[in-house]
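**Student:**
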Amino acid sequence: MTDYLKDKIYARFDGKDLNGLCTNLLSQQIMTWPKLRESYELLNKTKIKTIVCNGFTIKIQHNPGRSTSTLADTRPEAIGNRPCFLCLNNLPEKQKGILYRDYLILCNPAPVFYHHLTINSINHTPQEIEMNIGHLMGLSKDLGDSWIVLYNGPKCGASAPDHLHFQAIPRGNTPIEKELTYNKKSVKFSNTSHVSIYYGDSLGRVCLILKGNYIEAIEAAFNRLMEALKSIQKTSDEPMLNIAFFSDMGGLSLIVFPRSKHRPDVYFREDDARIAISPAVIEMTGVIVTPLERDFIRLDAETVESIYKEVSIDKKIIETVLSFMS
Ligand SMILES: [Zn+2]
Numbered sequence: 020m021t022d023y024l025k026d027k028i029y030a031r032f033d034g035k036d037l038n039g040l041c042t043n044l045l046s047q048q049i050m051t052w053p054k055l056r057e058s059y060e061l062l063n064k065t066k067i068k069t070i071v072c073n074g075f076t077i078k079i080q081h082n083p084g085r086s087t088s089t090l091a092d093t094r095p096e097a098i099g100n101r102p103c104f105l106c107l108n109n110l111p112e113k114q115k116g117i118l119y120r121d122y123l124i125l126c127n128p129a130p131v132f133y134h135h136l137t138i139n140s141i142n143h144t145p146q147e148i149e150m151n152i153g154h155l156m157g158l159s160k161d162l163g164d165s166w167i168v169l170y171n172g173p174k175c176g177a178s179a180p181d182h183l184h185f186q187a188i189p190r191g192n193t194p195i196e197k198e199l200t201y202n203k204k205s206v207k208f209s210n211t212s213h214v215s216i217y218y219g220d221s222l223g224r225v226c227l228i229l230k231g232n233y234i235e236a237i238e239a240a241f242n243r244l245m246e247a248l249k250s251i252q253k254t255s256d257e258p259m260l261n262i263a264f265f266s267d268m269g270g271l272s273l274i275v276f277p278r279s280k281h282r283p284d285v286y287f288r289e290d291d292a293r294i295a296i297s298p299a300v301i302e303m304t305g306v307i308v309t310p311l312e313r314d315f316i317r318l319d320a321e322t323v324e325s326i327y328k329e330v331s332i333d334k335k336i337i338e339t340v341l342s343f344m345s
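Just so we're aligned: the sequence shown equals residues 20 to 345 in our numbering.
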């Protein structure tokens with residue numbers, strides 16, 4: 020174990036009560052890391068508004084603390100020219116974490132929700148999901164039912180596409196949980212071995228939900244989905260996607276948001292029409308974060324619907340994907 024890693028360990032996961040360790044970590048970090056305390060004070064002051072769109076509801080959060088992430092330059096040339104801020108030797112001095120397998124569980128220094136975690140690989144290895152989907156689901160199992168684990172693809176939301184990381188947030192914060200669980204906004208497409216595939220219905224953005232009781236079966240179905248997406252898009256690269264995963268009484272749910280692009284065209288406007296939002300997994304779950312007050316004020320149902328449609332994969336492609344999988 021390197022000295023860098025030793026220096027960063029607040030606690031080690033030994034197979035028991037990861038949820039409790041995370042609660043203790045947050046308390047400890049708020050006491051000892053002034054930047055985090057300040058971030059949580061700012062989070063308390065964020066403004067939130069609810070927008071009712073055509074068939075679904077979303078929240079807009081005005082959060083100036085997220086400007087670094089929302090406005091991050093993730094082009095390969097920019098990434099190659101900066102020190103990696105998720106590498107152990109570049110973490111803030113006061114930031115400590117829980118050693119969890121080959122990952123370090125840390126408090127996100129720019130939280131969108133109360134108790135927002137970032138889970139970084141202890142190695143500088145690229146952000147990619149196929150090799151690591153089992154880690155993501157295992158982490159969710161160890162955290163328990165009160166968390167959602169999140170993933171951003173390297174080209175659609177990951178602020179460090181060169182360093183493997185997940186996020187975790189407490190259950191109950193995202194509109195899509197309610198839409199899927201209580202409003203039943205999904206249509207069953209097929210049953211394969213131990214996994215049912217659902218298609219998000221009237222949610223304004225394309226999402227697929229793989230549901231089952233066994234991690235291995237969901238992983239196999241996810242791998243088939245990835246192969247189908249790659250084959251149809253004629254690429255060997257990771258298809259653009261965001262992922263949310265949680266478990267509850269109904270079993271395990273892997274929500275996949277296949278994407279066509281990261282940022283909408285309005286992000287790149289150079290006049291007053293520019294809207295500074297960068298849809299990543301949190302936005303796809305229904306919480307749109309904007310660092311600018313003017314965008315918070317002017318975002319409306321029509322704009323949100325148009326942005327969701329623009330950044331989601333074409334519905335026709337996903338219908339072909341589903342037919343490949345059945
Ligand atoms: Zn790194």
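Note that CB positions come from ideal geometry on N, CA and C, so glycine has one too.
Can you name the residues that DSSP bridges to Trp166?
**Tutor:** Pro189
**Student:** Report all residues from its chain with a CB closer than 6 Å to the CB of Val275; omit the five preceding and five following residues, and keep chain order.
**Tutor:** Excluding positions up to five away in sequence, the list reads Leu227, Leu260, Ile262.
**Student:** In the segment 66 to 106, which residue ranges form an unbroken alpha helix (DSSP H) of at least 4 residues, counting only runs that do not cross its ends?
**Tutor:** 86 to 89, 95 to 99
**Student:** Compare the beta carbon distance of His135 and Ile49 with 8 Å and say whether it is the shorter of the two.
**Tutor:** In this structure, the beta-carbon distance from His135 to Ile49 does not fall below 8 Å.
**Student:** By DSSP, does Thr304 sit in helix, in strand, or in coil?
**Tutor:** Look at Thr304 here: in three-state DSSP terms it is coil, with no helix or strand label.
**Student:** If you compare alpha carbons, which of Val168, Thr76, Ala295, Ser140 is closest to Arg224?
**Tutor:** From the listed residues Val168, Thr76, Ala295, Ser140, the smallest Cα separation to Arg224 is found for Thr76.
**Student:** Does chain B have any CB closer than 8 Å to the CB of Leu123?
**Tutor:** Of the protein chains in this structure there is only one, and it is not chain B.
**Student:** When DSSP builds the beta bridges, which residues end up paired with Pro277?
**Tutor:** Leu260
**Student:** What are the start and end residues of the beta strand (DSSP E) that includes Thr137?
**Tutor:** 136 to 140
**Student:** Let me check understanding here. Comparing Cα to Cα, which of Arg56, Cys41, Val340 lies closest to Gly116?
**Tutor:** Cys41
**Student:** Rounding to the nearest angstrom, what Cα-Cα distance links Ala236 and Ser215 in this structure?
**Tutor:** 10 Å
**Student:** Is the Cβ-Cβ distance between Asp319 and Ala295 less than 8 Å?
**Tutor:** Not closer than 8 Å, so no.
**Student:** Whether or not the segment 304 to 312 and the segment 82 to 92 are in contact is what I'm after, with contact meaning three or more pairs of Cβ atoms, one per stretch, closer than 8 Å; do they touch?
**Tutor:** yes
**Student:** Strictly by DSSP, which residues pair up with Ser209?
**Tutor:** Ile216
**Student:** When you compare only the Cα positions, how much space is there between Tyr166 and Leu222?
**Tutor:** Sequence check: residue 166 is Trp here, not Tyr. Cα to Cα, Trp166 sits roughly 22 Å from Leu222.
**Student:** Ligand 1 and Leu244: does any heavy atom of the ligand fall closer than 7 Å to the residue's C-beta?
**Tutor:** no
**Student:** Rounded to the nearest angstrom, what separates Ile277 and Pro258 at their Cα positions?
**Tutor:** The question names Ile, but residue 277 is Pro in the sequence shown. Between Pro277 and Pro258, the C-alpha separation is close to 7 Å.
**Student:** Less than 6 Å between C-beta atoms, sequence neighbours within five positions excluded: which residues of the same chain meet that for Ser297?
**Tutor:** Taken in chain order, the residues that qualify are Thr89, Arg282.
**Student:** In whole angstroms, what is the alpha-carbon distance linking Ser266 and Glu338?
**Tutor:** 26 Å
**Student:** Which partner residues does Thr309 have in the DSSP bridge list?
**Tutor:** His81
**Student:** I'd like to confirm the pairing. Which residues does DSSP put opposite Lys230 in its beta bridges?
**Tutor:** DSSP output for Lys230 lists Ser215, Ser272 as bridge partner(s).
**Student:** Measure the C-alpha to C-alpha separation of Arg243 and Thr211 and round it to an integer number of angstroms.
**Tutor:** A straight-line Cα-Cα distance of about 11 Å links Arg243 and Thr211.
**Student:** Got a sec: does ligand 1 put a non-hydrogen atom nearer than 7 Å to the Cβ of Cys106?
**Tutor:** Under cutoff, so the answer is yes.
**Student:** Take every Cβ of the segment 63 to 79, pair it with every Cβ of the segment 143 to 152, and state whether three or more of those distances are shorter than 8 Å.
**Tutor:** no
**Student:** Could you check whether the Cβ of Asp121 sits closer than 7 Å to any heavy atom belonging to ligand 2?
**Tutor:** What this structure holds is ligand 1, not ligand 2.
**Student:** DSSP three-state call for Asn171: helix, strand or coil?
**Tutor:** In this structure, Asn171 counts as strand in the three-state DSSP scheme.
**Student:** Quick one: Cα of Cys103 to Cα of Ala179, how far?
**Tutor:** 7 Å
**Student:** Suppose the cutoff is 7 Å on Cβ atoms and the five residues either side in sequence are ignored; what does the same chain contact list for Tyr122 look like?
**Tutor:** Ile138, Asn139, Ser140, Ile141
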